[in-house]
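Scroll down for the structure; my scribbles are underneath it.
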Amino acid sequence: MRILVTGAAGFVGFHTAQALLGRGEEVVGLDNMNAYYDVKLKEARLAILRRQPKFRFEKLELTDRAAIEALFARERFQRVVHLAAQAGVRHSIEHPHVYVDSNVTGFLHILEGCRAIGAAHLVYASTSSVYGANTRMPFAEAQNTDHPLTLYAATKKANELMAHSYASLYGLPTTGLRFFTVYGPWGRPDMALFLFTKNILAGRPIEVFNGGRHRRDFTYVDDIVQGVVAAVDHAPSADPSWNSQAPNPATSRAPYRIYNIGNQQSVPLLRYIEVLEQCLGRKAEKVMMPLQLGDVPDTWADVAALEREVGYRPSTPIEVGVRRFVDWYLQHYREQAAGALRAGDDSD
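In this text, residue positions in the sequence shown follow our numbering: the first is 2, and each later residue adds one.
In C-alpha cells, the structure reads:
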C-alpha cells in the first residue's frame, strides 16, 4: 500500500513510518519541520527514514490547501495516518491561533484530501486530554468529553467531530486514537522524561508539578505503534448495534471509531521519577510545584475496545521502557557531542 504518514519527522510519526516500512509498505512522509523543538532531532529521525528505498519525504504545511490537494491528487494514497499537529498542552495556552491553524484547518485539508480520492481509511491522533474535567477512572471512550481544559484538547475534540461528519456524509472510514502520555527513544524534548533526564544529568533540579501527586498512563512508543499499525489494517464499518436514542460517542451508524490507546495502568509520577533515577544512577533534586493551568491530576486508559477489535496489547512496563529511553538518550547525545567536536576540528 501507499500510505501517507503526516508528522513523519515527529516522535510517534517517525516510529510509525519505520514500522510500516519494515513490513514493506510504501510510505510518503509529510512534515513542516517547524522549530517548536530542536529541528536537529527531527532531521536525525528523518535521516533514518530516508535510508529506506520505499520512503519519500514532502516538506509541507498542513495549512497550505493547494499543496495538500495536489499531494493527494498525485499520490492517491490508499490509507492515511495523520499524526501531525501542533503539540504541547501548555503551549496552546500562550499560542492559541497556531493550534487552530494546524489542528483544525490542517485537519480539514486532510479530510478533504481523503474525500477527494476516496481513501480507504483515515487513522488520526486524538488525545487523552479530551477527557478534561472528567475524573471517572479509568477513562473509557463512552464517557463524556465535553469539558476540555485546554484549547489543545478542544482542537482534538473538534477533530473527532469533524471526522464523524465526513464518515457520515461521505462514507469515509475514520479511526481516532486517544494517545495517553507516550514516551520512549527519540521522544520530544518538551516531555517530562526528556526534561527530567537532561536536568538530572546536568545536576539541575527538576520541577515536579502538583506536588508529585500526578498519576499517568505512561505508554511506551513501541506499544503505541503496534496499536496504530493494527488500527490502519482495521477500517471501521457502521456499528449495527448503534442506538440513536442512547448514542455511544465512540461508534456510529457511520464508519467511525474512537479508541483509547494507552498502557492500561496509572503510575504515580514519583514512581516514574524513581525508575529514571535508578536507570541514571543519580538522585534528582525535586522542586515541588503547584498543579499547572490546564493539567489534569490523573489519567488511566481503558483499552478494552482496542484490544477486542484490533488485537492491541501493551506489554512494556515503565522499568523496561524508561531504561530503553535512557540508553538511547546517552548514545544519541554522546554521538551528537562527538560529531560537534569533529566538526570543530575540521573547521580549524
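Glycine is no exception: its CB is placed at the ideal position from the N, C-alpha and C atoms.
Could you give the distance in angstroms between the alpha-carbon of residue i and the alpha-carbon of residue j?
| i | j | result |
| --- | --- | --- |
| E26 | E286 | 46 Å |
| P318 | A155 | 30 Å |
| A48 | D191 | 21 Å |
| E310 | S166 | 22 Å |
| V268 | A68 | 43 Å |
| N244 | P139 | 24 Å |
| A231 | I225 | 10 Å |
| E336 | V40 | 17 Å |
| W187 | H148 | 32 Å |
| A255 | S238 | 7 Å |
| D32 | V13 | 12 Å |
| V99 | E142 | 27 Å |
| G119 | L173 | 7 Å |
| E70 | M290 | 46 Å |
| Y37 | Q293 | 20 Å |
| T7 | G263 | 21 Å |
| Q279 | Q19 | 30 Å |
| D347 | Y334 | A caution first: D347 carries a pLDDT of 47, below 50, which makes its placement in the model unreliable, though a value can still be read off. Approximately 20 Å between the Cα atoms of the pair. |
| F78 | D65 | 18 Å |
| L270 | F15 | 26 Å |
| D296 | P54 | 42 Å |
| F210 | Y330 | 23 Å |
| H235 | E59 | 26 Å |
| M34 | K43 | 7 Å |
| S129 | R179 | 5 Å |
| L202 | I4 | 39 Å |
| D102 | R75 | 24 Å |
| R46 | A193 | 20 Å |
| K385 | V288 | Only positions 2 to 349 of the chain appear in this structure, which leaves residue 385 out of reach. |
| V131 | R283 | 35 Å |
| Q332 | V105 | 37 Å |
| K157 | P97 | 13 Å |
| F197 | I274 | 8 Å |
| P248 | S242 | 10 Å |
| T136 | P206 | 30 Å |
| Q246 | S127 | 26 Å |
| L342 | R52 | Bear in mind that the predicted position of L342 carries a pLDDT of just 47, short of 50, making it too unreliable to give a figure here. |
| R272 | P250 | 34 Å |
| G322 | G312 | 21 Å |
| D240 | R214 | 39 Å |
Give me whichever residues DSSP pairs with residue i in a beta bridge.
| i | result |
| --- | --- |
| S127 | R179 |
| R217 | V268 |
| L31 | T7, E59 |
| K287 | I207 |
| V82 | V6, V124 |
| R258 | T176 |
| F140 | A302 |
| Y184 | Y221 |
What residue from the options has the CA that sits closest to residue i's CA?
| i | options | result |
| --- | --- | --- |
| Q144 | N261, R3, D32, S245 | N261 |
| A9 | M2, T17, R3 | T17 |
| F219 | T198, L123, Y184 | Y184 |
| R324 | L22, F58, Y221 | Y221 |
| A168 | T252, H235, R283, C280 | T252 |
| L22 | Q265, G11, G312, M2 | M2 |
| L50 | E76, G11, P250, Q332 | G11 |
| R57 | M34, N35, L72, V28 | V28 |
| H122 | Q332, N104, Y171 | Y171 |
| V81 | V304, A247, E208, R116 | R116 |
| L281 | V101, A74, V327, H96 | V327 |
| Q265 | S242, A305, R137, V288 | A305 |
| L61 | R91, R52, G30 | G30 |
| V233 | Y257, P248, H92, N249 | Y257 |
| P315 | D223, Y273, Q246 | D223 |
Residue i and residue j: beta carbons closer than 8 Å?
| i | j | result |
| --- | --- | --- |
| G177 | Y125 | yes |
| G133 | L152 | no |
| F181 | A302 | yes |
| G212 | L307 | no |
| I94 | E161 | no |
| D299 | R189 | no |
| A350 | T175 | Residue 350 is absent from the model: the chain starts at 2 and stops at 349. |
| E320 | V276 | yes |
| G107 | L72 | no |
May I ask you to check if the CB of residue i is nearer than 7 Å to at least one heavy atom of the ligand ZN?
| i | result |
| --- | --- |
| S316 | For the structure depicted, the ligand ZN is absent and the ligand set is empty, with no information on it obtainable. |
Q) Would you call the stretch 107-118 and the stretch 69-87 touching, i.e. three or more CB-CB distances under 8 Å? A) yes
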